[in-house]
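Here the numbering used here is used: position 112 in the sequence shown is 118, and no number is missing along the way. Note that the Cβ used here is the ideal one computed from N, Cα and C, for glycine as well.
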Amino acid sequence: MTMEKTVNIMVVDDEEIVRESLTSWLEEDGYHVECAEGGKKALERLPERNWDLMLVDLKMPGMDGIQLMDEVHKTSPDMLVIIMTAFATVDTAVKAMKKGAYDYFVKPFNPDDISLTIRKIVDHRKLVQENQFLRKELKKQYKLRDMISKNEKMLEIFDLARTVARSNSTVLIQGESGTGKELLARAIHDESPRTNAPFISVSCASLTESLLESELFGHEKGAFTGAAALKRGKLELAQDGTLFLDEIGDISLKLQMDLLRVLEQREFRRVGGSDLIAIGSRILAATNRDLKKAIAEGRFRPDLYYRLNVISIQIPPLRERREDIPLLVEHFIEKFNIEMGKEIRGVSEGAMRIMVDNEWPGNARELRNVVERAMVVAKGNLITEADVSLSSSGPGANPGAKSLEEIEKEHIRLVLNENHWNIVRSAHTLGIDRVTLYNKIKKYGLKREGVAPKE
Ligand SMILES: Nc1ncnc2c1ncn2[C@@H]1O[C@H](COP(=O)(O)OP(=O)(O)OP(=O)(O)O)[C@@H](O)[C@H]1O
Ligand SMILES: [Mg+2]
7 MTMEKTVNIM VVDDEEIVRE SLTSWLEEDG YHVECAEGGK KALERLPERN
57 WDLMLVDLKM PGMDGIQLMD EVHKTSPDML VIIMTAFATV DTAVKAMKKG
107 AYDYFVKPFN PDDISLTIRK IVDHRKLVQE NQFLRKELKK QYKLRDMISK
157 NEKMLEIFDL ARTVARSNST VLIQGESGTG KELLARAIHD ESPRTNAPFI
207 SVSCASLTES LLESELFGHE KGAFTGAAAL KRGKLELAQD GTLFLDEIGD
257 ISLKLQMDLL RVLEQREFRR VGGSDLIAIG SRILAATNRD LKKAIAEGRF
307 RPDLYYRLNV ISIQIPPLRE RREDIPLLVE HFIEKFNIEM GKEIRGVSEG
357 AMRIMVDNEW PGNARELRNV VERAMVVAKG NLITEADVSL SSSGPGANPG
407 AKSLEEIEKE HIRLVLNENH WNIVRSAHTL GIDRVTLYNK IKKYGLKREG
457 VAPKE
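Below, the structure written as structure tokens:
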């Protein structure tokens, strides 16, 4: 890595002969040098450049060297200041060092000493800066917007995402629930030139066929009973931006065909409309279903699959990248410390072992929820084994003894999932009416988002 840049040094002294001799010595060593004849001038020149070092005479009329150093440190606390002093005042120079000077030179100067001292300072500073730079580079690699990982496959995904962000290609993101598909889609949008246009997400599983149709394409006034006004669909609203088709694996065969046609022709009509509207948005899609299997079973159109799958990203489940678990735990602690106003410092060894060993069927989202809960119940500022509760974490969890309510909650969640959150069908399966189901969903705080996949 080459980080050669000019080193800027400011010499502040009221004696012209000192300024001149220092300038010529230092310039010979390859530094850029500028002078000021007093403290006031020096402060004026401070914003002009990125100064690396200041050589400041101790005794000057008006503001003395220490006052100047104090002033400089108010705005540039890291500035290296070297105090220059006559032999008689070395005591004061030592005091200056206690007040934050980096070193002092005693007049008359020995040019070789000065040369050597400054070379050492510059080298040291360069090393510190290189380290900071490297550390930042390293951090950047582990991150893509809000996503973090140090898993090799994930880092390849981050790279790929950065590359495809610049294009307009359709991307299909696959992965289990909670692996970060939506997070990745948002990151692609944010890294793309469309970043200032909207990111619009459609959850394809939560709506009936006709609702989803008008959600996507919009409808004209009077297109069907209840269509009292013109409504623009998400495809139209996402113009210039990104349209994220979430849970694309759940849409009906008819809509699959409509969508295929629209994507191929890059234009569409509102429901009940005749005007063709061009698609300006970029399309990203995601699913936690195995689309290959769905194709084999005749539930998903292969032509739509190939249309969406121009670029394919498969996010590995958390249990296949356990090295990310401590990283994510730290990340979530940081996040919730801010949100909850807490000061949790970390996780005990035992608690971390439990988390690293867990199967995490709900992946990073489940881990986030477990960390959040642990932070709420933690007594001190360390999360211990007792705070980590994995009991309700889905298929992989230890069955233990469950309360009736827990079983009811899990069963409702299961049925809702199997029915893609179709309330009418789920209520029918459960043998209760819709209102009762809504009430139970509310009571248990069930959310589509927080649900682990049931294949
Ligand atoms: N790599 C990651 N770094 C940081 N947080 C993550 C990461 N992956 C997932 N998360 C967390 O998990 C949550 C769930 O992620 P996201 O909603 O993107 O999952 P998903 O794959 O879309 O799940 P689903 O299929 O259930 O919709 C995120 O809000 C985030 O808090
Ligand atoms: Mg999602």
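Proximity test, residue i beta-carbon vs ligand 1 heavy atom, cut-off 7 Å
i	result
asparagine 294	yes
alanine 244	no
lysine 187	yes
isoleucine 154	yes
arginine 272	no
arginine 374	yes
glutamate 337	The identity of residue 337 in the sequence shown is histidine, whereas the question assumes glutamate. Within the cutoff, so yes.
serine 207	no
glycine 184	yes
leucine 334	yes
alanine 370	yes
glycine 68	no
glycine 45	no
glycine 106	no
glycine 181	yes
Alpha-carbon to alpha-carbon, residue j and residue i
i	j	result
asparagine 404	leucine 266	Residue placement at asparagine 404 is flagged as unreliable, the pLDDT there being 41, under the threshold of 50; the coordinate-derived value follows with that caveat. Going by the C-alpha atoms only, they are around 43 Å apart.
tyrosine 444	glycine 286	38 Å
methionine 358	proline 83	39 Å
aspartate 76	lysine 101	13 Å
histidine 434	arginine 440	8 Å
alanine 300	threonine 293	11 Å
lysine 341	serine 318	30 Å
glutamate 21	glycine 36	23 Å
serine 173	arginine 25	56 Å
leucine 86	tyrosine 108	6 Å
lysine 298	tyrosine 311	9 Å
glutamate 391	alanine 370	19 Å
valine 132	alanine 244	The sequence as given places lysine at residue 132; valine does not occur at that position. Between lysine 132 and alanine 244, the C-alpha separation is close to 47 Å.
lysine 80	glutamine 73	11 Å
lysine 449	phenylalanine 164	39 Å
leucine 251	leucine 314	10 Å
lysine 142	isoleucine 154	14 Å
asparagine 56	isoleucine 127	16 Å
valine 268	glutamate 336	44 Å
arginine 206	leucine 61	Looking at the sequence shown, residue 206 is not arginine but isoleucine. In a straight line, the C-alpha of isoleucine 206 is about 57 Å away from that of leucine 61.
glycine 232	glycine 386	56 Å
isoleucine 339	glycine 352	7 Å
glutamate 424	glycine 184	17 Å
threonine 12	tryptophan 31	16 Å
glutamate 355	alanine 380	14 Å
serine 280	leucine 241	16 Å
valine 17	lysine 159	52 Å
Boundaries (first-last residue) of the alpha helix (DSSP H) holding residue i
i	result
phenylalanine 342	330–346
tyrosine 148	Note, tyrosine 148: premise wrong, no alpha helix (DSSP H); not H, not E.
asparagine 369	369–383
alanine 167	158–171
arginine 313	308–314
arginine 192	187–197
alanine 433	429–436
leucine 396	No alpha helix (DSSP H) holds leucine 396; DSSP gives it neither H nor E.
threonine 29	22–34
phenylalanine 223	215–223
N- and C-terminal bounds of the beta strand (DSSP E) containing residue i
i	result
leucine 470	Absent from the model: residue 470. The displayed extent of the chain is 7 to 461, so no value can be given.
asparagine 14	14–18
heavy atom of ligand 2 below 7 Å from residue i C-beta
i	result
glutamate 136	no
glutamate 365	no
aspartate 252	yes
Residues bridged to residue i [DSSP beta-bridge criterion]
i	result
isoleucine 206	Leu249
tyrosine 444	The partner list for tyrosine 444 (beta bridge, DSSP) is empty, contrary to what the question assumes.
glutamine 320	Gln180
aspartate 109	Ile88
glycine 352	Leu388
Cβ of residue i within 8 Å of any chain D Cβ
i	result
alanine 291	No chain D appears in this structure, which consists of one protein chain only.
Heavy atom of ligand 4 within 7 Å of residue i beta-carbon
i	result
glycine 286	No copy of ligand 4 appears in this structure; the ligands present are ligand 1 and ligand 2.
Runs of alpha helix (DSSP H) wholly within the stretch 225–301 (minimum 4 residues, chain order): 240–243, 259–271
Secondary structure, alpha helix (DSSP H): runs of 4+ residues fully inside the stretch 37–97: 45–51, 71–81
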